[in-house]
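Residue numbers (the numbering used here): 882 to 1202. To start, the structure under review is shown below, and the notes come after it.
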Amino acid sequence: MDGSVGPMRVLVTGGSGLVGRAIERVVKEGEGREGEKWIFLSSKEANLVSAEETRAAFEKHRPTHVIHLAAMVGGLYRNMRQNLDFWRNNVHINDNVLNMSHEFGVVKVVSCLSTCVFPDKTTYPIDETMMHNGAPHDSNYGYAYAKRMIDVHNRALFQQYGRKYTAVIPTNMFGAHDNFNIEDGHVMPGLIHKTYLAKKEGKPLQVWGSGRALRQFIYSLDLARLFVWVLREYDEVEPIILSVGEEDELTVKDAVDAVVEGFGFKGEVIYDTSKSDGQIKKTANNAKLRKYLPDFKFTPFKQAVKETCDWFAANYDSARK
């Protein structure tokens, strides 16, 4: 790391979300270092859609490093309804954070993208070089293009100013402190909430879609450890995919089975095939990550799901839903 800046002051935007909370936990439990300051910024403290509020946050905290997680997010069905909002809000957030980082002399920014940035029509597995090779999926193009623009911004900052700002691309993440909203949430938290209610109410579990769609799931605590590694060690501007390998790809039905087991749900499971599956697969290649970290150990999927189910049950009243 650049030693001239003294101790690291890391500003984490989106600090109260799924990944922000996971980073906070792993930093407390051993990933943090002597003299470092970690600041977890929530949307309550600063609305990053506003350039003025973003500048105020940077003036207050004076970070040397930034992990940029803040975004307007939602599941498949909300994206389909609000592509314009997802495009505009995320473009403003990302431009403000990257622009202020540059202006305030931040040494390194690690932004968070999503596998939805990749082209809809593509060959598999997807790797980091393929992001701009075609239009993203129709369902969430507003969000996807706004996220792609982070990569454009990073490349241009490097070309014009030599800034080493980068981005990571995680696959489907899940864990404690997620948004468990059934209508607007992502696959795993939505399933966890639905299964919890089905068990509590003694009703069948209704799953949207056929269960055939394939996904690579990453536990938020594993992702958090990888984020800290990227911040400290990864020196490329080009993004890096953070994911389990292709061999660990699972169907949505596998995820349902793990959640059912996690809660000990004994009722009937019904797949509603009138509902969209979204993209059937988005298989990502983690060869670049493995080149750097051949021995990184991911938490076993069923264990991670069980821990998340236990957290949700214990924190049901306060969880986002």
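A virtual CB, placed ideally from N, CA and C, is assigned to each residue, including glycine. Note that this is a predicted model, so its numbers are computed, not measured.
- request: Note down, in chain order, each residue of its chain lying with its Cβ closer than 7 Å to the Cβ of G1092, except the 5 sequence neighbours on either side.
  value: T1132, V1133, K1134, V1137, Y1152
task: Assuming P888 and G916 form a contact by the criterion Cβ under 8 Å, report the distance between their Cβ atoms to the nearest whole angstrom.
output: 4 Å
message: I'd like to know whether the C-beta atoms of F1108 and I920 end up nearer to each other than 8 Å.
response: no
field: First and last residue of the uninterrupted alpha helix (DSSP H) at I1031
entry: 1022-1042
task: Pick out the complete beta strand (DSSP E) segments inside the stretch 1085-1112, 3 residues or longer, and give them in chain order.
output: 1086-1089, 1098-1100
- prompt: Which residue comes first and which comes last in the alpha helix (DSSP H) that contains Y1173?
  reply: 1168-1173
Cβ pair count under 8 Å reaching 3, the stretch 985-1001 against the stretch 1046-1056: yes
task: Please confirm if the stretch 1187-1195 is in contact with the stretch 1068-1085, defined as three or more CB-CB distances below 8 Å between the two stretches.
output: yes
Contiguous beta strand (DSSP E) assignments of at least 3 residues, all confined to the stretch 1040-1086: 1047-1051, 1053-1055
- request: Label L965 either buried or exposed according to how many other C-beta atoms from any shown protein chain fall within 10 Å of its C-beta, with 16 as the threshold for buried.
  value: exposed
Helix, strand or coil at R902 according to DSSP, with G and I counted as helix: helix
query: Is it buried or exposed for A1185, if we count other Cβ within 10 angstroms and need 16 for buried?
result: buried
field: Among S931, I974, F1146, F999, nearest to H1018 - alpha-carbon criterion
entry: F999
message: So, under 8 Å CB-CB, F1098 and F1182 are touching, yes? Tell me the CB distance rounded to an integer number of Å.
response: 6 Å
task: Taking the CB atoms as reference points, tell me whether R1096 and V1068 lie closer together than 8 Å.
output: yes
task: Determine, using beta-carbon pairs with one atom in the stretch 1054-1061 and one in the stretch 891-911, whether at least three such pairs fall under 8 Å.
output: yes
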